[in-house]
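Participant:
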Amino acid sequence: MRHRPAGRWRIRGDLAWRRQILRSGALQRSFGDVRCPPSRTRDNSGQEGGRRMTLATLVYLLVVLAPVSLLLTLLAHAAVFIVLSPRRTGDAPVLPITVLKPVKGAEPGLYENLASLARQDHPAYEILVAAEDARDPALEIARRVQEDFPHVSIRIHPGARAFGLNPKVNLLAALFERARYDAVLISDSNVRVGPEYLGEMAAEMTDPAVGLVTNIVVGEGEGLGALLERLHLNSFVAAATSLARVAAGRACVIGKSMLLRRSDLERLGGLYEVRNLLAEDFAIGRMYEVAGFRIALSPYLVRCVNDGWTVERFLNRHVRWAQMRRRIAPGAYLGELLLNPVLWITLATAALWSTRPGRDLRLAAVAAAGVAVKVASDALVSRRLRGSLPRPFEILVMPFKDLAMAAVWLVACFRRRVSWRGNELRIEEGGRLVPAEARSVEIAEAT
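The opening position of the sequence shown corresponds to residue 343 in my numbering, with each subsequent residue numbered one higher.
1) Pull up the distance between the alpha-carbon of I791 and that of A580, whole angstroms please.
2) Nearest to S761 by alpha carbon, out of L681, M666 and R485?
3) Does the beta-carbon of S427 have 16 or more other beta-carbons within 10 angstroms, so that it is buried, or is it exposed?
4) How should C646 be labelled, buried or exposed, when 16 other C-beta atoms within 10 angstroms of its C-beta is the threshold for buried?
5) Residue range of the beta strand (DSSP E) that I483 falls in?
6) Does the separation of the CB atoms of P741 and V713 fall below 7 Å?
7) Spatial neighbours of T652 within its chain, please: C-beta separation below 8 Å, excluding the five flanking residues on both sides.
8) Pull up the distance between the alpha-carbon of L752 and that of G773, whole angstroms please.
9) Classify A502 as buried or exposed, calling it buried when 16 or more other Cβ atoms lie within 10 Å of its own Cβ.
10) Looking only at DSSP bridge pairs, what is V760 linked to?
11) Under three-state DSSP, which class holds R461?
12) From V401 to H660, what does the alpha carbon distance come to, in whole angstroms?
13) If you count every other CB in all the chains shown that lies within 10 Å of the CB of F735, and 16 or more means buried, which is it?
14) Which runs of the alpha helix (DSSP H) spanning at least 4 residues fall entirely within the stretch 498-572, listed in chain order?
15) Taking all protein chains shown into account, decide if H464 is buried (16 or more other Cβ within 10 angstroms of its Cβ) or exposed.
16) Take D478 as the anchor and find which of L452, Q462, A460 and E468 has the nearest alpha-carbon.
17) Ends of the alpha helix (DSSP H) at T583?
18) Check whether the stretch 503-513 touches the stretch 602-622, counting contact only when three or more Cβ pairs, one atom from each stretch, lie closer than 8 Å.
19) Three or more C-beta pairs closer than 8 Å, one from the stretch 547-555 and one from the stretch 688-706: is that the case here?
20) With 16 as the cutoff for other CB atoms within 10 Å, does A551 come out buried or exposed?
21) Might you give, ordered along the chain, the residues of its own chain that have their beta carbon closer than 6 Å to the beta carbon of L575, omitting 5 neighbours on each side?
22) Going by DSSP in three states, T440 sits in which element: helix, strand or coil?
23) Would you report the Cα separation of A621 and G541, rounded to the nearest angstrom?
24) Is I670 near the ligand FMN, judged by its Cβ being under 6 Å from some heavy atom?
25) For A525, which residues of its own chain have a beta-carbon under 6 Å away from its beta-carbon, when the five flanking residues on both sides are left out?
26) If you draw a straight line from the C-alpha of K743 to the C-alpha of A515, how long is it?
27) Please go through the same chain and pick out, in chain order, the residues whose beta-carbon is closer than 6 Å to the beta-carbon of Q462, but skip the five residues on each side of it.
28) Could you compute how far the alpha carbon of E678 sits from the alpha carbon of A586?
29) May I ask you to report which of helix, strand or coil DSSP gives I737?
30) Please state if the CB of S529 and the CB of K443 are separated by a distance shorter than 7 Å.
31) What's the call for D490, buried or exposed, on a 16-neighbour Cβ count within 10 Å?
32) Could you give the DSSP three-state label for L476: helix, strand or coil?
33) Give the secondary structure of R603 by DSSP, where H, G and I count as helix, E and B as strand, and everything else as coil.
34) Would DSSP call I319 helix, strand or coil?
35) Return helix, strand or coil for R609, following the three-state DSSP convention.
36) How is E449 classed by DSSP in three states: helix, strand or coil?
Printed below as a string of structure tokens:
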């Protein structure tokens, strides 16, 4: 037997022990945090830096958008005063007018709305009232007005034409056939006016280039839903309508009050062209613009009375309107957010606070000042439209209304169905209506 040196056995034993340790993974478990590959560390650092850069960019954009939005809103509010500045109109022959009043249901204030038309000082006009159902209680109210104003030509027509999917257009089509005069004025059931209304509207038609006259609408009515509607009409809607006129020379046609010549509309395709559109007023306005007519925005204000409205009705109405605007003018719909500075101020403040360890009271003060400027401007516009400043409670509600409308804007981006006068409908591209249960392919083949 050969003799082996003890040192050699010792070396081999050490090597075997070390191999056993490596195989067991003990070193990796003990020093895993140290032995992380350098390339992985650099990748994680790069990703973290990218996230921080993205967050910083987002915060910067919000901080920039907040004052820009506030400035644009103030300019839009200034446009209201420009549009409503009085202007002279020349003397012209009397324009006989047929007022078309589609109604549905005994809305609060309907009698006074109809009676305000019967009190006009215009020398030649008639009023036509129609409801889809012959038993509609609104027709009974119209008959009371008819009895109380025997000197005014008021005719009542139950029933509508089976014309299209827009119930209002169905009623208008029935009334168009019975109109005595070429000049027709479409007036919604909740519109209330003063005795000079028809004369002011007719004066705008003295310009032969004018094919259609529309108005800015002023909100009225009691109740929380009516308050929200009033605040929105008397700020955002009036401002957006005026800004479109002053900055772009275009009038946003509002179907609550439209004066036009029936003969002109029939040459452009008539109501048949808008029978299946949700925004028939917008479409009619576009038809006139394309044909080369000028659309006049009258400085005369019409009141939209919404007594008894609930918050649910307010939200449903504006989700429907928002869906309509998104379908017919997606670019303008996106730009609407720029006229909501309360939204951007809120988002910018939240973003800045999220990047700071503590709550900066100076930041809160700046944000509150921005909201206060917007609310004060809203109040001044409301005073111009209604003749009085909003009450303190209404002023407190204003910023919350703006945030609610931002939520409505977002909801409308994902909804396509509307419930309108008992009809379940779906909105297609361009604001076209189809039955909710119908498939788009079937509708396309039918048209």
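We treat Cβ as the ideally placed atom computed from N, Cα and C, and that holds for glycine.
Facilitator: In brief:
1) Here the chain covers residues 343 to 789 and nothing more, so residue 791 does not appear.
2) Looking at the Cα atoms, M666 is the closest of the given residues.
3) exposed
4) So C646 counts as buried.
5) I483 -> not in any beta strand (DSSP E); alpha helix (DSSP H) instead, spanning P479 to D490.
6) yes
7) G565, L566 and G567
8) 18 Å
9) buried
10) L767
11) R461 falls in the coil class under three-state DSSP.
12) 30 Å
13) exposed
14) 509-518 and 539-546
15) buried
16) The shortest Cα separation from D478 among L452, Q462, A460 and E468 belongs to L452.
17) From DSSP, the alpha helix (DSSP H) with T583 extends over A580 to A590.
18) yes
19) no
20) exposed
21) V559 and G561
22) strand
23) Between A621 and G541, the C-alpha separation is close to 27 Å.
24) What this structure holds is no ligand at all, so the ligand FMN is not there to describe.
25) Excluding residues within five positions, the ones whose Cβ falls inside 6 Å are L437, I439 and R603.
26) 36 Å
27) Closer than 6 Å at Cβ, skipping near neighbours: P537 and L540.
28) Cα-Cα distance, rounded: 12 Å.
29) Helix, per DSSP.
30) In this structure, S529 lies closer than 7 Å to K443 by Cβ.
31) With fewer than 16 other Cβ atoms within 10 Å, it is exposed.
32) Looking at the sequence shown, residue 476 is not Leu but Ala. If DSSP states are grouped into helix, strand and coil, A476 belongs with coil.
33) strand
34) With the chain covering only 343 through 789, there is no way to say anything about residue 319.
35) Residue state, collapsed to three classes: helix.
36) Residue state, collapsed to three classes: coil.
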